[in-house]
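Positions 1 to 228 (the working numbering) are the ones given, in order, by the sequence shown. Ideal Cβ positions, reconstructed from N, Cα and C, are used throughout, including at glycine.
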Amino acid sequence: MIPDPTDDDAFIEPGRKLFAQPCDFIWGAAGTESLPPLGAPEIAFAGRSNVGKSSLLNALTNRKTLARVSHTPGRTQQLNFFTLGDGLRLVDMPGYGYAAVGRAKVAAWTEGIRAYLRGRPTLLRVYLLVDGRHGLKPPDSDTMDDLDRAAVSYQIILTKRDEVKVAEREGRIAATLAALQRRPAAHPDVIFTSSKEGDGIESLRAAVARLLSERGGAASGKMPSPSD
Ligand SMILES: Nc1nc2c(ncn2[C@@H]2O[C@H](COP(=O)(O)OP(=O)(O)OP(=O)(O)O)[C@@H](O)[C@H]2O)c(=O)[nH]1
Ligand SMILES: [Mg+2]
Numbered sequence: 001m002i003p004d005p006t007d008d009d010a011f012i013e014p015g016r017k018l019f020a021q022p023c024d025f026i027w028g029a030a031g032t033e034s035l036p037p038l039g040a041p042e043i044a045f046a047g048r049s050n051v052g053k054s055s056l057l058n059a060l061t062n063r064k065t066l067a068r069v070s071h072t073p074g075r076t077q078q079l080n081f082f083t084l085g086d087g088l089r090l091v092d093m094p095g096y097g098y099a100a101v102g103r104a105k106v107a108a109w110t111e112g113i114r115a116y117l118r119g120r121p122t123l124l125r126v127y128l129l130v131d132g133r134h135g136l137k138p139p140d141s142d143t144m145d146d147l148d149r150a151a152v153s154y155q156i157i158l159t160k161r162d163e164v165k166v167a168e169r170e171g172r173i174a175a176t177l178a179a180l181q182r183r184p185a186a187h188p189d190v191i192f193t194s195s196k197e198g199d200g201i202e203s204l205r206a207a208v209a210r211l212l213s214e215r216g217g218a219a220s221g222k223m224p225s226p227s228d
């Protein structure tokens with residue numbers, strides 16, 4: 001049986017309020033040497049190029065152009081930091097695994113992305129986006145290996161649900177959940193989203209609100225310490 005995502009139901013309204021707060025771009029970092037000073041807790045949106053990270057950020061915050069979206073893979077070329085109210089930061093990451101921008105650049109981004117994901121004390125959770133049409137690919141597994149080793153909490157978000165046949169959706173979720181077994185840092189729930197049609201957006205907002213309440217972070221205005 002696939003777990004019921006209504007688990008997060010009690011957090012639907014807090015999630016809506018959380019993401020209705022002002023959201024502003026504060027910082028773009030080309031690499032780990034230019035990250036913003038530590039501040040509010042961060043959640044990061046990572047995944048392969050073109051999977052829909054920037055689109056998801058726009059859908060969550062109900063804005064059309066907060067994060068830049070493109071038909072061309074490789075649009076997001078730095079780590080973009082946004083504040084959501086006073087208590088949370090959202091990080092839109094460049095996609096990994098896209099070669100057409102040049103190998104040197106890809107290697108630099110990949111190292112920058114990995115270093116950020118492994119070593120950021122205020123990073124609460126990584127939302128690892130996976131194209132719902134294809135499921136997990138080897139670069140995703142590599143990232144999951146990294147996050148497991150660094151003990152950084154992550155949750156898989158399947159994207160582009162509107163482009164997946166109804167009959168295939170449950171199977172895609174089940175296969176993804178199966179791949180998460182024995183992965184110590186993986187949150188054992190998968191949310192299937194469509195930034196285009198809005199499916200799963202409310203659930204994802206609720207999941208973030210729930211995370212914050214569990215970690216005693218933004219919801220109470222208290223900063224979690226790195227030892228939390
Ligand atoms: N049908 C459909 N298309 C989507 C969805 N989300 C994103 N897309 C499309 O996928 C393409 C890539 O979207 P982006 O949000 O720019 O993807 P990204 O992961 O930020 O890409 P990079 O920044 O290049 O890594 C765009 O053409 C979007 O319109 C979705 O839920 N459904
Ligand atoms: Mg992007």
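Could you please give me the residues that DSSP links to residue i through a beta bridge?
| i | result |
| --- | --- |
| Y154 | V126, A186 |
| N80 | G28, D92 |
| F45 | D92, Y127 |
| T159 | D131 |
Does ligand 2 have even one heavy atom less than 7 Å from the beta-carbon of residue i?
| i | result |
| --- | --- |
| S195 | no |
| K53 | yes |
| A67 | yes |
Pick out whichever of the options has its Cα sitting closest to the Cα of residue i.
| i | options | result |
| --- | --- | --- |
| Y154 | A209, L129, G85 | L129 |
| S194 | I157, A207, L177 | I157 |
| L117 | T61, C23, I43 | I43 |
| G15 | N62, C23, R63, L204 | L204 |
| P139 | R103, K105, P121, G95 | G95 |
| H187 | V152, L79, L56, W27 | V152 |
| I191 | K137, D142, G132, Q181 | G132 |
| G52 | A67, N62, R103 | A67 |
| D86 | Q21, K137, T76, T122 | Q21 |
| R114 | L57, R48, A40 | R48 |
| N50 | T76, A167, G200 | T76 |
| S141 | A167, L180, V91 | L180 |
With a CB to CB cut of under 6 Å and the five nearest residues on each side skipped, what residues in its chain are close to residue i?
| i | result |
| --- | --- |
| G112 | G31, T32 |
| A46 | M93, V126, L128 |
| F11 | A206, A209, R210 |
| K196 | D162 |
Any heavy atom of ligand 1 closer than 7 Å to the CB of residue i?
| i | result |
| --- | --- |
| S203 | no |
| C162 | The question names Cys, but residue 162 is Asp in the sequence shown. Yes, since a heavy atom of ligand 1 falls inside the 7 Å radius drawn around the Cβ of D162. |
| N50 | yes |
| T76 | yes |
| T110 | no |
| G15 | no |
| G278 | Summary: the structure shown does not reach residue 278, with the chain confined to residues 1 through 228, and so no result is reported for it. |
| G95 | yes |
Leaving out five residues before and five after residue i in sequence, what residues of the same chain have Cβ atoms less than 7 Å from its Cβ?
| i | result |
| --- | --- |
| G135 | R172, A175, T176 |
| K17 | none |
| S165 | The sequence given here has Lys at residue 165, not Ser. Here the set comprises nothing. |
| L60 | F19, I201, L204, R205 |
| L147 | L117, V126, Y154, A185 |
Here's a check: name, in chain order, each residue in its chain whose Cβ is nearer than 8 Å to the Cβ of residue i, leaving out the five neighbours to either side.
| i | result |
| --- | --- |
| G28 | Q78, L79, N80, F81 |
| R169 | G132, R161, F192 |
With 8 Å as the threshold, decide whether the Cβ of residue i is near any Cβ in chain C.
| i | result |
| --- | --- |
| S195 | Annotation note: the requested chain C is absent from the structure, which comprises a single protein chain. |
*Entirely enclosed alpha helix (DSSP H) segments - the segment 164-211, minimum 4 residues*: Listed in chain order, the complete alpha helix (DSSP H) runs (minimum 4 residues) inside the segment 164-211 are 166-180.
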